[in-house]
Amino acid sequence: MSEEHIVRYSLEEIRAKWARGEKSKTDWGRVEAMTDEDIDRATRDDPDWAGFDDIDWSKATVVFPTSKDYQTHMEAIQRHHLHEQKKPQG
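For any residue, its number in my numbering is found by taking its place in the sequence shown, counting from 1, and adding 10.
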(Lines of atoms letter the chains of each structure in order from A; the text may use other names.)
(Lines give C-alpha, C1' and ligand atoms only; values in the text may rest on other atoms or scores of the structure.)
Protein backbone atom coordinates (compact mmCIF):
# COMPACT_ATOMS: atom_id res chain seq x y z
CA MET A 11 0.00 0.00 0.00
CA SER A 12 1.47 3.30 -1.02
CA GLU A 13 -0.94 5.46 0.91
CA GLU A 14 -2.26 4.95 4.43
CA HIS A 15 -5.77 6.02 5.39
CA ILE A 16 -6.85 5.02 8.88
CA VAL A 17 -10.28 5.86 10.22
CA ARG A 18 -11.26 5.13 13.82
CA TYR A 19 -14.80 4.66 15.06
CA SER A 20 -16.12 4.13 18.57
CA LEU A 21 -18.48 1.23 19.18
CA GLU A 22 -21.35 3.73 19.47
CA GLU A 23 -20.46 5.24 16.07
CA ILE A 24 -20.38 1.79 14.48
CA ARG A 25 -23.75 0.89 15.99
CA ALA A 26 -25.18 4.19 14.69
CA LYS A 27 -23.87 3.40 11.19
CA TRP A 28 -25.50 -0.04 11.35
CA ALA A 29 -28.76 1.52 12.54
CA ARG A 30 -28.70 3.82 9.50
CA GLY A 31 -28.23 0.78 7.26
CA GLU A 32 -24.54 1.43 6.57
CA LYS A 33 -22.89 -1.95 6.37
CA SER A 34 -19.47 -3.25 5.47
CA LYS A 35 -18.44 -2.83 1.84
CA THR A 36 -16.79 -6.25 1.97
CA ASP A 37 -18.27 -8.85 -0.36
CA TRP A 38 -18.56 -11.55 2.32
CA GLY A 39 -20.15 -14.03 -0.11
CA ARG A 40 -17.04 -13.84 -2.27
CA VAL A 41 -14.77 -14.17 0.77
CA GLU A 42 -16.67 -17.21 2.08
CA ALA A 43 -16.55 -18.85 -1.36
CA MET A 44 -12.74 -18.71 -1.48
CA THR A 45 -10.94 -22.03 -1.15
CA ASP A 46 -7.76 -22.47 0.88
CA GLU A 47 -5.87 -22.57 -2.41
CA ASP A 48 -7.43 -19.24 -3.48
CA ILE A 49 -6.37 -17.66 -0.20
CA ASP A 50 -2.85 -19.11 -0.39
CA ARG A 51 -2.45 -17.79 -3.94
CA ALA A 52 -3.79 -14.33 -3.04
CA THR A 53 -1.50 -13.95 -0.03
CA ARG A 54 1.53 -15.35 -1.85
CA ASP A 55 1.10 -12.72 -4.59
CA ASP A 56 0.52 -9.84 -2.13
CA PRO A 57 3.71 -8.01 -1.06
CA ASP A 58 2.00 -6.92 2.19
CA TRP A 59 1.93 -10.59 3.22
CA ALA A 60 5.67 -11.18 2.74
CA GLY A 61 7.00 -13.10 5.74
CA PHE A 62 3.60 -14.31 6.94
CA ASP A 63 3.38 -17.41 4.75
CA ASP A 64 4.56 -19.87 7.41
CA ILE A 65 2.11 -18.84 10.15
CA ASP A 66 -0.56 -21.37 11.16
CA TRP A 67 -3.70 -19.22 10.82
CA SER A 68 -6.01 -22.17 11.63
CA LYS A 69 -5.88 -21.24 15.33
CA ALA A 70 -6.66 -17.56 14.76
CA THR A 71 -9.85 -16.03 16.11
CA VAL A 72 -11.55 -12.80 15.12
CA VAL A 73 -11.87 -10.39 18.03
CA PHE A 74 -14.28 -7.46 18.01
CA PRO A 75 -13.99 -4.74 20.67
CA THR A 76 -17.05 -5.08 22.88
CA SER A 77 -16.01 -3.58 26.19
CA LYS A 78 -13.81 -1.05 27.92
CA ASP A 79 -11.36 -3.91 28.56
CA TYR A 80 -10.54 -4.14 24.86
CA GLN A 81 -7.02 -2.70 25.30
CA THR A 82 -6.26 -5.20 28.07
CA HIS A 83 -7.55 -7.99 25.85
CA MET A 84 -5.37 -6.87 22.93
CA GLU A 85 -2.31 -6.73 25.21
CA ALA A 86 -3.03 -10.32 26.30
CA ILE A 87 -3.20 -11.36 22.64
CA GLN A 88 0.13 -9.67 21.96
CA ARG A 89 1.72 -11.42 24.96
CA HIS A 90 0.40 -14.76 23.68
CA HIS A 91 1.80 -14.01 20.22
CA LEU A 92 5.25 -13.23 21.66
CA HIS A 93 5.12 -16.44 23.72
CA GLU A 94 4.26 -18.47 20.61
CA GLN A 95 7.07 -16.83 18.64
CA LYS A 96 9.61 -17.82 21.31
CA LYS A 97 8.67 -21.51 21.08
CA PRO A 98 11.18 -23.69 19.23
CA GLN A 99 10.09 -24.33 15.65
CA GLY A 100 9.93 -27.96 14.69
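Note that CB positions come from ideal geometry on N, CA and C, so glycine has one too. Source: prediction; values computed, not measured.
> In three-state DSSP terms, what is Ile16?
Replying inline: coil
> Could you give the residue range of the alpha helix (DSSP H) that holds Lys78?
Replying inline: Premise fails: Lys78 is in no alpha helix (DSSP H) and is neither H nor E.
> Which value, in whole angstroms, describes the spacing of the CA atoms of Asp63 and Arg18?
Replying inline: 28 Å
> Got a sec: does the ligand NAD put a non-hydrogen atom nearer than 7 Å to the Cβ of Asp79?
Replying inline: Looking at this structure, you won't find the ligand NAD or any other ligand, since it has none at all.
> Measuring CA to CA, which of Glu42, Met44, Tyr80 and Gly31 is closest to Ala20?
Replying inline: As written in the sequence, residue 20 is Ser, which differs from the Ala given in the question. Of the candidates Glu42, Met44, Tyr80 and Gly31, the residue whose Cα lies closest to the Cα of Ser20 is Tyr80.
> What separation, rounded to the nearest whole angstrom, lies between the Cα atoms of Lys33 and Pro98?
Replying inline: 42 Å
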